[in-house]
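Enquirer:
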Amino acid sequence: MDIQRQSARKELKEQGIEPYPYFYHRTHYTTEVIDSFSSLEGKEAAVAGRIMTKRSFGNLLFATLQDVQGKIQVMVRKDHVGKEALAAFEKLDTGDIIGVRGIITKTKKGEISVDVKTYELLCKSLRVLPEKWHGLENTEIRYRKRYLDLIANPDQAEIFKKRALLIQTIRDYLNENHFLEVETPILQPLYGGAAAKPFQTRHNALETDLYLRIADELYLKRLIAGGLERVYEISKDFRNEDIDSAHNPEFTMLEFYEAYTDYQGMMKRAEEIFQKICNALYGKIFFEYQDKKVSFKGPFTRVSIVKVIQEKSGIDVLKWHSDSEAMAAAKKLKMEVSQSTRAHVFDALFDKYVKPSIWNPTFVIDYPEYMCPLTKKKRGEPRLAERYELYIAGEECANAYSELTDPVEQREKFTKQAENRKKGDEEAQPFDEDFLEAMEYGMPPMGGIGIGIDRITMLFTNQTSIKEVLFFPSMRPLKKLKGASKEVKGNNHLQ
Numbered sequence: 025m026d027i028q029r030q031s032a033r034k035e036l037k038e039q040g041i042e043p044y045p046y047f048y049h050r051t052h053y054t055t056e057v058i059d060s061f062s063s064l065e066g067k068e069a070a071v072a073g074r075i076m077t078k079r080s081f082g083n084l085l086f087a088t089l090q091d092v093q094g095k096i097q098v099m100v101r102k103d104h105v106g107k108e109a110l111a112a113f114e115k116l117d118t119g120d121i122i123g124v125r126g127i128i129t130k131t132k133k134g135e136i137s138v139d140v141k142t143y144e145l146l147c148k149s150l151r152v153l154p155e156k157w158h159g160l161e162n163t164e165i166r167y168r169k170r171y172l173d174l175i176a177n178p179d180q181a182e183i184f185k186k187r188a189l190l191i192q193t194i195r196d197y198l199n200e201n202h203f204l205e206v207e208t209p210i211l212q213p214l215y216g217g218a219a220a221k222p223f224q225t226r227h228n229a230l231e232t233d234l235y236l237r238i239a240d241e242l243y244l245k246r247l248i249a250g251g252l253e254r255v256y257e258i259s260k261d262f263r264n265e266d267i268d269s270a271h272n273p274e275f276t277m278l279e280f281y282e283a284y285t286d287y288q289g290m291m292k293r294a295e296e297i298f299q300k301i302c303n304a305l306y307g308k309i310f311f312e313y314q315d316k317k318v319s320f321k322g323p324f325t326r327v328s329i330v331k332v333i334q335e336k337s338g339i340d341v342l343k344w345h346s347d348s349e350a351m352a353a354a355k356k357l358k359m360e361v362s363q364s365t366r367a368h369v370f371d372a373l374f375d376k377y378v379k380p381s382i383w384n385p386t387f388v389i390d391y392p393e394y395m396c397p398l399t400k401k402k403r404g405e406p407r408l409a410e411r412y413e414l415y416i417a418g419e420e421c422a423n424a425y426s427e428l429t430d431p432v433e434q435r436e437k438f439t440k441q442a443e444n445r446k447k448g449d450e451e452a453q454p455f456d457e458d459f460l461e462a463m464e465y466g467m468p469p470m471g472g473i474g475i476g477i478d479r480i481t482m483l484f485t486n487q488t489s490i491k492e493v494l495f496f497p498s499m500r501p502l503k504k505l506k507g508a509s510k511e512v513k514g515n516n517h518l519q
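Position 61 of the sequence shown, counting from 1, maps to 85 under my numbering, and the rest follow consecutively.
1. To which residues of the same chain is A294 closer than 6 Å at the C-beta, ignoring the five residues directly before and after it?
2. Using a Cβ distance threshold of 8 Å, determine whether the segment 192-206 contacts the segment 170-184, with at least three qualifying pairs required.
3. Who are the near neighbours of L153 in its chain, counting only those whose CB is closer than 7 Å to its CB and skipping five residues on each side?
4. Once the 5 residues before and after D286 are set aside, which same chain residues still bring their CB inside 6 Å of it?
5. In or out: R237 buried (at least 16 other Cβ within 10 Å) or exposed?
6. List the DSSP bridge partners of I389.
7. For E511, count neighbouring Cβ atoms within 10 angstroms of its own Cβ and tell me buried if that reaches 16, exposed if not.
8. Does the beta-carbon distance from E114 to L89 come in below 9 Å?
9. Across the segment 203-213 and the segment 235-252, are there enough close Cβ pairs to call them in contact, namely three or more that are closer than 8 Å?
10. Suppose you measure from the CA of S362 to the CA of G448; what does that come to, to the nearest Å?
11. Between the C-alpha atoms of T325 and R187, what's the straight-line distance to the nearest angstrom?
12. Leaving aside the five residues before and after Y235 along the sequence, list all residues of the same chain whose C-beta is less than 8 Å from its C-beta, in chain order.
13. Return the chain-ordered list of same chain residues with a C-beta closer than 6 Å to the C-beta of E420, the five sequence neighbours on each side being excluded.
14. Following the continuous alpha helix (DSSP H) through S31, name the residue where it begins and the one where it ends.
15. From this set, A112, V92, G94, S60, which residue's C-alpha is nearest N83's C-alpha?
16. Quick one: measure Cβ to Cβ for A249 and G474, integer angstroms, because I've assumed they're closer than 8 Å.
17. Report yes if the CB atom of D390 is closer than 9 Å to the CB atom of S328, and no otherwise.
18. With a CB to CB cut of under 6 Å and the five nearest residues on each side skipped, what residues in its chain are close to T439?
19. In whole angstroms, give me the CA-to-CA distance for V493 and D478.
20. Hey, could you find the ends of the alpha helix (DSSP H) A111 is sitting in?
21. Does the beta-carbon of W157 have 16 or more other beta-carbons within 10 angstroms, so that it is buried, or is it exposed?
22. DSSP three-state call for A220: helix, strand or coil?
23. With a cut-off of 8 Å, do at least 3 Cβ pairs link the segment 93-113 to the segment 136-155?
24. Pull up the DSSP beta-bridge partners for T88, would you.
25. Any idea what DSSP makes of R168, helix, strand or coil?
26. Going by beta carbon distance, what residues of the same chain come within less than 7 Å of H1, once the five residues before and after it are set aside?
27. Cβ atoms of K130 and E65: under 9 Å apart, would you say?
28. Please name the residue in Y284, R74, N303 whose C-alpha comes closest to that of I194.
29. Where in the segment 298-343 do unbroken runs of the beta strand (DSSP E), each at least 3 residues long, occur, reported from the N-terminal end onward?
30. Closer than 6 Å by C-beta to A353: which residues in its own chain qualify, once you throw out the five before and the five after it? Chain order, please.
31. Can you tell me which of V378, I128, Y394, C396 puts its alpha carbon nearest to the alpha carbon of V388?
32. If we ignore side chains and look at the alpha-carbon of each, how far apart do E35 and T276 end up?
33. Measure the Cβ-Cβ separation of V124 and A70 and say whether it is below 9 Å.
34. Going by other Cβ atoms of all chains shown within 10 Å of its Cβ, with 16 needed for buried, is T163 buried or exposed?
35. CA-CA distance, G40 and I127?
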């Protein structure tokens, strides 16, 4: 805390002035005043917000007030408020939150302003705002102290407003198409539904280990088996993975499942959802991402991944019958892979030969069956799976299947995944006996899809880092410095 501001707070208390009152009756937001100036000119209004700048000219003082919608100038004149009130206003600091009531007018320079009649201190700020003239630019502070980012860079809030509209657009589409929004467990006795490492915790009363979900897929499918033919969930999922520009260990996913359709039906759903999002945010079905046009005009392109890999690398991934054969191919191409499995080698080939060439929305299809433990085999080519991943601007935005509904085949695939786990594949699907039991009661044909909300928010808000679209991204702990903490501009500290 700032010593001078602490002293000012104490002085206010001693004068009987409450620096933290209970409420303020605001009549207008700042932008409402500006947008409705023609009808408000000469009338009285009350606005409230944070003081961002102050300029004193003797008997006249100007301040910039910032609220959730924008900024407006306020004028405090001695002949309107009195000598004592002007002096008290001059003692206020940038960062203080105030309410002002006055006449809406224009200055000689033509700036819409509030000519203050009365004002009230609503919150005494005890810290100096960072970089008050240039905005907060230190990304470490911006991500760790998002509240400072939003104060210093109010335009940043537009990203999160678009995120909210994006999610609402998805909800509206699914609700209009008779999908039921549901909630499934975050704490699960057995995780599943994706290839990922989980976070583990302990429930003391139950005396059991639990996992934070990596996906809600298997619970949503249980609901389909129970007769709820169209379900969706916008869920928080957790994966114990590295943090980088595209990954956060806590993230938001949309998953929905629909009975009596397949992955072709999920293609239509994806096209419609992305077109509606683009229209909601930009009023058209194309926009600029990183200075390049992205068009959502349908139908989206379809690309056979195994064909492209074979054309560009000379490798037929369908001929691999073991992990050793896949690793031999990787060695021949001098490629490094994170784990010695067919799936990981395949991913490396995709990243090198397919992913970089994708820009406009593209359904990447024809994944090898051995990579898809929850998916039906492709009709007419059992070595492939009826799965697609939707890539846009080189990034995966959705993953969809013709969902496997044969419990016998699913048991065989779970068994194979269990064998892979014993061989060291930490991301292999656990064996879920309860899910198999639900399947054995009967599960209708269905299509399912997962869409990364954070990832598509990055796309639609023209961001290249996931940290820009999360209010509070996960950050590595700051190293403790010996002695005093490291000080940065604006009296903030990196400890």
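The C-beta atom is built at its ideal place from N, Cα and C for all residues, glycine as well. Fair warning: this is a prediction, and the values are worked out from it, not measured in the lab.
Expert: Put simply:
1. Around A294: L414, A422.
2. The segment 192-206, when compared against the segment 170-184, does not touch it at the 8 Å Cβ threshold.
3. Excluding residues within five positions, the ones whose Cβ falls inside 7 Å are T118, G119, I175, A176, G514.
4. Within the same chain, D286 has close Cβ partners S426, G471.
5. Looking at its Cβ environment, which holds 16 or more other Cβ atoms inside 10 Å, R237 is buried.
6. DSSP output for I389 lists S328, Y412 as bridge partner(s).
7. Bear in mind that the predicted position of E511 carries a pLDDT of just 36, short of 50, making it too unreliable to give a figure here.
8. No; because the gap between Cβ atoms is not below 9 Å, this pair is not in contact.
9. Yes, they touch.
10. Answer to the nearest angstrom: the Cα atoms are 12 Å apart.
11. Distance from the CA of T325 to the CA of R187, rounded to the nearest whole angstrom, comes to 26 Å.
12. Within the same chain, Y235 has close Cβ partners L211, Q212, P213, L214, Y215, P222, F223, Q224, T225.
13. Taken in chain order, the residues that qualify are E413.
14. Unbroken alpha helix (DSSP H) run through S31: 27-38.
15. In terms of Cα proximity to N83, the closest of A112, V92, G94, S60 is A112.
16. Wrong, their Cβ atoms sit about 19 Å apart, outside the cutoff.
17. Less than 9 Å separates the beta-carbon of D390 from that of S328.
18. Taken in chain order, the list of residues that qualify is empty.
19. If you take the alpha carbons of V493 and D478, they lie about 7 Å apart.
20. Its alpha helix (DSSP H) spans residues 107-114.
21. In this prediction, W157 scores a pLDDT of 44, lower than 50, which makes its location untrustworthy; no coordinate-derived value is stated.
22. If DSSP states are grouped into helix, strand and coil, A220 belongs with coil.
23. Segments in contact, yes.
24. Looking at the DSSP assignment, T88 forms a beta bridge with T77, Q97.
25. In the three-state reduction of the DSSP assignment, R168 falls in the helix class, which pools H, G and I.
26. For the chain, the structure presents residues 25 to 519; residue 1 sits outside this window and is missing.
27. In this structure, E65 lies near K130, with their beta-carbon atoms less than 9 Å apart.
28. Comparing Cα positions, the closest option is N303.
29. Contiguous beta strand (DSSP E) elements confined to the segment 298-343 occur at 310-313, 316-319, 325-328, taking only those with 3 or more residues.
30. Once the five neighbours on either side are set aside, the close Cβ partners of A353 are I339.
31. For V388, the closest alpha carbon among the candidates V378, I128, Y394, C396 is that of V378.
32. Taking the straight line joining both Cα atoms gives about 47 Å.
33. In this structure, A70 lies closer than 9 Å to V124 by Cβ.
34. Of the residues assessed, T163 falls on the exposed side of the cut-off, its CB having fewer than 16 other CB atoms within 10 angstroms.
35. Using only the alpha carbons, I get a separation of about 28 Å.
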